[in-house]
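Scroll down for the structure; my scribbles are underneath it.
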Amino acid sequence: MLELIWLLPTFPLLGFLSLVLTAGKLPQRVVAIIGAGSIGLVFLVAALIASQFLDSGAEQFVFTAWSWMSVGEFTPGFTFYLDGLSLVMMLIITGVGFLIHLYSTGFMLDDPSYSRFFAYMNLFVASMLMLVLADNLVLLYLGWEGVGLCSYLLIGFWYQKPANGYAARKAFVVTRVGDTSMAIGLFLLFSQLGTLNIQDMLHAADAQWAIGSNYAVLASLLLLGGAVGKSAQLPLQTWLPDAMAGPTPISALIHAATMVTAGVYLIARNQVLFELAPDIQLLVAWIGLATLLMAGFTAMTQHDIKRILAYSTISQIGYMFLGLGVGAWSAAIFHLMTHAFFKALLFLGAGTVILSLHHEHDIFKMGGKRKQLPVAFYSFVIGSLALAAFPFSSGYFSKDEILLAALALEGPGIWLWAGGVLGAFFTGLYSFRLVFVVFFGESRGHHDAQEVAGFSMATPLFILMFFSIFGGWITIPVESVFSHGEAHVEHHVSALLHGIMIVVPLLGIGVSYLFYVSKTFSVEKLMASSLAQGLHKFWFSGWGMDRLYDTLFVKPFLWLARINRNDLVDWLYALIVELTRAAHGLVVRSQTGSLHWYALSVAGGLLLLVFLGVLL
Amino acid sequence: MPQTIPIEHGLMLAGILFCLGLIGVLTRRNIVFVLMSLEVMLNASGLAFIVAASRWGHADGQIMFLMILTLAAAEVAVGLGLIIQMYRRFHTTDINVLSQMKG
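Top line first, the protein sequences correspond to chains A and B.
The number in my numbering is simply the position in the first sequence, starting from 1, with 20 added.
The number in my numbering is simply the position in the second sequence, starting from 1, with 648 added.
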């Protein structure tokens with residue numbers, strides 16, 4: 021039964037191939053059946069494998085489909101490695117992935133490129149499964165680049181608009197920075213440890229490298245670079261808000277639930293390596309904290325519904341990094357799972373809003389929509405409650421564990437905790453600002469819009485609502501994976517601290533209520549001062565990171581390209597071409613076509629040779 | 649021992665014949681004469697072989713001359729065929745007309 025694991029990436033790949041090879045000639049209904057059906061089938065297989073695996077009580081299961089290449093000692097294979105961690109990831113990808121595919125069959129109905137959309141989606145799921153099930157880092161890297169490619173293709177899905185193509189390129193190039201760092205990390209690991217099989221590599225690292233040794237620090241830092249790029253953390257977070265140019269289900273699947281959490285998976289997978297470099301592990305926590313605060317501030321100032329969600333995704337992944345950094349490995353993975361539920365719910369809800377309001381993205385042109393869009397309204401309320409860690413929703417449990425683990429860390433733990441709690445305040449504020457502005461108050465446009473939510477779109481929303489509320493009660497089987505080195509959280513924190521953690525997000529929701537519903541405070545008055553306006557502008561632009569990178573990298577590069585327009589190096593080769601051409605012209609003149617001339621040159625040449633023979 | 653012609657004389661004659669032939673090839677415009685001059689050059693080289701063979705008393709040179717003779721016969725057969733073709737097509741025997749294959 022467990023051997024069927026090779027079917028997992030195969031089904032979506034077959035779906036991709038059949039959709040690509042028919043080149044959009046299939047009727048929509050067939051495309052929907054192939055596109056969503058393949059993922060549904062994969063989910064069933066994954067569920068079967070999961071139950072079998074958990075029943076067997078084994079700690080891991082390895083299955084080699086075939087060997088990929090063999091170069092001396094280096095023989096990476098298409099080998100799948102199943103343990104608690106990859107099991108959780110596999111179920112999230114196939115489960116949430118299937119719901120989003122189902123939703124997409126309704127959402128994309130009017131799109132002429134229906135088949136292309138599902139082809140890319142299936143390829144994405146195949147690559148993502150390859151990534152999480154890989155037993156060696158080479159196969160993992162294949163999946164890693166595969167999801168990056170699909171992300172690029174799907175952000176630029178509506179390529180007719182140049183801005184979308186630009187966003188796609190930006191996402192590709194920025195993540196490439198991280199990927200390059202990761203590739204160098206792989207080279208380093210291979211040259212030092214002689215293997216890229218993850219488990220062997222971790223054992224070898226544990227045996228050969230002392231804690232805090234240079235190689236361990238360097239390797240984990242390089243891998244962290246890859247994770248930071250993929251998961252949109254500081255300083256490579258700038259691509260994710262622009263990635264919202266893609267269709268909304270893409271934002272839900274790739275840029276919220278699965279792909280962007282690949283960085284978290286990578287760090288969790290190489291836990292041993294990061295524990296060998298405690299400084300880098302702490303750096304992970306600080307990166308997470310800085311990102312979650314920065315993204316929280318920015319999310320408060322945005323007015324594009326998808327950009328708000330994008331920044332909240334960056335912020336939540338910041339929490340996961342914080343969890344990884346303070347050694348709360350399973351809590352981070354737990355938050356990854358609950359985040360997949362409620363952020364997919366929020367994005368799919370946003371998709372319903374956007375589709376119902378004729379592709380309106382600006383939340384200040386909505387207002388009072390809770391009667392018009394009931395399904396989207398409930399999705400947003402439940403999703404935002406989970407996002408803001410309302411007590412006993414799924415997000416509460418996971419965020420709680422991360423913050424408690426941060427508190428348990430000696431030294432900077434209290435600061436990390438305080439920052440995380442501050443972030444939770446902003447989470448409550450910005451998530452409910454979105455809810456209040458869109459669904460409460462006066463209608464500010466699209467007064468007679470009807471909700472578009474057929475069976476295929478509403479069902480995934482209801483299922484995700486259920487998991488967003490109750491997902492916190494799921495226990496994920498990752499103890500055996502992280503058994504060594506897991507921060508054992510003391511659950512004896514004082515009631516005061518625990519109370520703070522519960523009250524602070526509610527406070528955020530309350531402040532947002534006072535601003536946007538009861539209008540006790542006025543946003544206009546707050547914005548009157550020039551300081552507030554400056555801050556707003558600064559936050560709105562994502563802390564000016566885009567402009568910074570523009571001046572630091574893009575502009576110098578363009579300048580260089582401009583002065584080198586005529587390619588200096590090319591001159592050398594152009595010279596060779598010109599010389600050859602001139603010589604050719606010279607020789608051509610000797611071909612006169614006159615027999616006398618030829619006979620004379622033969623005789624003359626002979627004479628010359630004879631003379632030379634006599635003389636020398 | 650009968651009086652023999654010195655080898656120098658024979659070779660000189662062959663050289664003069666060869667040069668005459670060459671001059672004919674280079675200066676004549678009528679292709680028939682060019683072909684004839686070519687025959688003279690061939691026979692000059694044949695003469696050189698004969699002279700050398702008689703000087704050293706070897707049969708090889710004479711055999712070589714027989715081969716040159718055969719070669720010349722074959723060459724004339726092909727050459728005359730080409731000349732007839734050329735005359736049919738261009739109505740002239742002037743070699744300078746056939747100069748399209750240049751450049």
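Where a beta carbon is used, it is the ideal one built from N, C-alpha and C, also for glycine.
Range of the contiguous beta strand (DSSP E) that encloses residue i
i     : result
A:S87 : 81 to 87
Beta-bridge partners of residue i, as assigned by DSSP
i      : result
A:G97  : A:S87
B:D742 : B:N678
A:L102 : A:F81
A:A288 : Looking at the DSSP assignment, A:A288 forms no beta bridge with any residue, so it has no partner.
A:A154 : A:F100
A:N584 : For A:N584, which the question treats as bridged, DSSP gives no partner whatsoever.
A:D324 : A:D382
A:N217 : A:N156
Selection from the options that minimises the alpha carbon distance to residue i
i      : options                        : result
A:Q212 : A:A191, A:A239, A:A396, A:V373 : A:A239
A:A247 : A:T268, A:A265, A:M202, A:Y235 : A:M202
A:I345 : A:G439, A:A426, A:M521, A:S621 : Here the sequence assigns Gly to residue 345 of chain A, which means Ile is not the residue at that position. Of A:G439, A:A426, A:M521, A:S621, the residue nearest in Cα terms is A:A426.
A:F445 : A:A409, A:F417, A:L436         : A:A409
A:G371 : A:G338, A:E462, A:A305, A:I270 : A:I270
A:M565 : A:V194, A:I483, A:V51, A:A602  : A:V194
A:V441 : A:L216, A:E295, A:H518         : A:H518
A:A330 : A:H359, A:L34, A:S399          : A:H359
B:L661 : B:L714, B:G694, B:A721, B:N744 : B:G694
A:L159 : A:Y416, A:L102, A:F502, A:G97  : A:G97
A:P47  : A:A78, A:F31, A:L74, A:P132    : A:P132
B:M684 : B:A696, B:L668, B:I698         : B:L668
B:L665 : B:G709, B:G727, B:E687, B:M734 : B:E687
B:A725 : B:V680, B:R703, B:F738         : B:V680
A:A252 : A:A191, A:A227, A:T268, A:I287 : A:A191
A:M109 : A:D587, A:A548, A:P497         : A:P497
B:N691 : B:R736, B:M715, B:N744         : B:M715
A:T333 : A:G633, A:S451, A:H466         : A:S451
A:L256 : A:V597, A:Y569, A:G625, A:P576 : A:Y569
A:S476 : A:M21, A:R49, A:L33, A:L27     : A:R49
A:G492 : A:G554, A:T268, A:D420, A:H467 : A:D420
A:L260 : A:V280, A:L273, A:L241, A:L242 : A:V280
A:H323 : A:F417, A:K557, A:E23          : A:K557
A:I328 : A:G431, A:D382, A:S350         : A:D382
A:L309 : A:S335, A:Q72, A:G166, A:E23   : A:S335
A:L74  : A:E499, A:V574, A:R189         : A:E499
Where the alpha helix (DSSP H) containing residue i begins and where it ends
i      : result
A:M565 : 565 to 569
A:W591 : 588 to 608
A:Y618 : 615 to 635
B:G727 : 708 to 738
A:W437 : 433 to 459
A:T358 : 349 to 376
A:K250 : 234 to 250
A:L393 : Neither: A:L393 is in no alpha helix (DSSP H) and is coded neither H nor E.
A:I17  : There is simply no residue 17 of chain A to check, as chain A begins at 21 and stops at 636 in what is shown.
A:Q301 : 298 to 321
A:S414 : 414 to 428
A:M547 : No alpha helix (DSSP H) holds A:M547; DSSP gives it neither H nor E.
A:P269 : 268 to 272
A:P29  : 27 to 41
Closer than 6 angstroms: residue i CB and nearest the ligand ADP heavy atom
i      : result
A:H467 : The ligand ADP is not among the ligands present in this structure, which contains no ligands whatsoever.
*asked:* Count Cβ pairs between the region 113 to 127 of chain A and the region 160 to 172 of chain A that sit closer than 8 angstroms; are there 3 or more?
replied: Too few Cβ pairs lie closer than 8 angstroms, so no.
*Report yes or no: do three or more beta-carbon pairs, one from the region 220 to 235 of chain A and one from the region 134 to 148 of chain A, lie closer than 8 angstroms?*
Taking 8 angstroms as the limit for Cβ pairs, the verdict is that the region 134 to 148 of chain A does not touch the region 220 to 235 of chain A.
*Determine which residues of the region 597 to 631 of chain A have a Cβ less than 7 angstroms from any Cβ of chain B, and write them out in chain order.*
Of all residues in the region 597 to 631 of chain A, the ones placed with a Cβ closer than 7 angstroms to any Cβ belonging to chain B are V608, Q611, T612, G613, S614, L615, H616, A619, L620, A623, in chain order.
*Where the region 669 to 703 of chain B meets chain A: residues whose CB sits under 7 angstroms from a CB there*: L670, V673, L674
_Would the region 334 to 350 of chain A count as touching the region 386 to 405 of chain A if we require 3 or more Cβ pairs under 8 angstroms?_
no
*Count the C-beta pairs between the region 332 to 342 of chain A and the region 301 to 319 of chain A that are closer than 8 angstroms, then say yes if the count reaches three, no if not.*
yes
_Which residues of the region 710 to 743 of chain B have a Cβ closer than 8 angstroms to any Cβ of chain A? Give them in chain order._
I743
*Touch check for the region 103 to 112 of chain A and the region 449 to 466 of chain A: three-plus C-beta pairs under 8 angstroms?*
no
_I'd like to know if the region 349 to 368 of chain A and the region 399 to 414 of chain A are in contact, where contact means that at least 3 CB-CB pairs between them fall below 8 angstroms._
yes
*Does the region 743 to 750 of chain B come within contact of the region 609 to 625 of chain A, defined as at least 3 CB pairs closer than 8 angstroms?*
yes
*Please confirm if the region 313 to 320 of chain A is in contact with the region 543 to 563 of chain A, defined as three or more CB-CB distances below 8 angstroms between the two stretches.*
yes
_At least three beta-carbon pairs within less than 8 angstroms, the region 83 to 98 of chain A to the region 151 to 165 of chain A_ = yes
*Is the region 70 to 78 of chain A touching the region 39 to 56 of chain A in the sense that three or more CB pairs, one from each, lie closer than 8 angstroms?*
Verdict: no, contact absent.
*asked:* Could you check whether the region 527 to 540 of chain A touches the region 278 to 297 of chain A, counting it as contact only if at least three pairs of C-beta atoms, one from each stretch, sit closer than 8 angstroms?
replied: no
*Decide if the region 61 to 76 of chain A is in contact with the region 110 to 122 of chain A; the criterion is three or more beta carbon pairs, one per stretch, under 8 angstroms apart.*
yes
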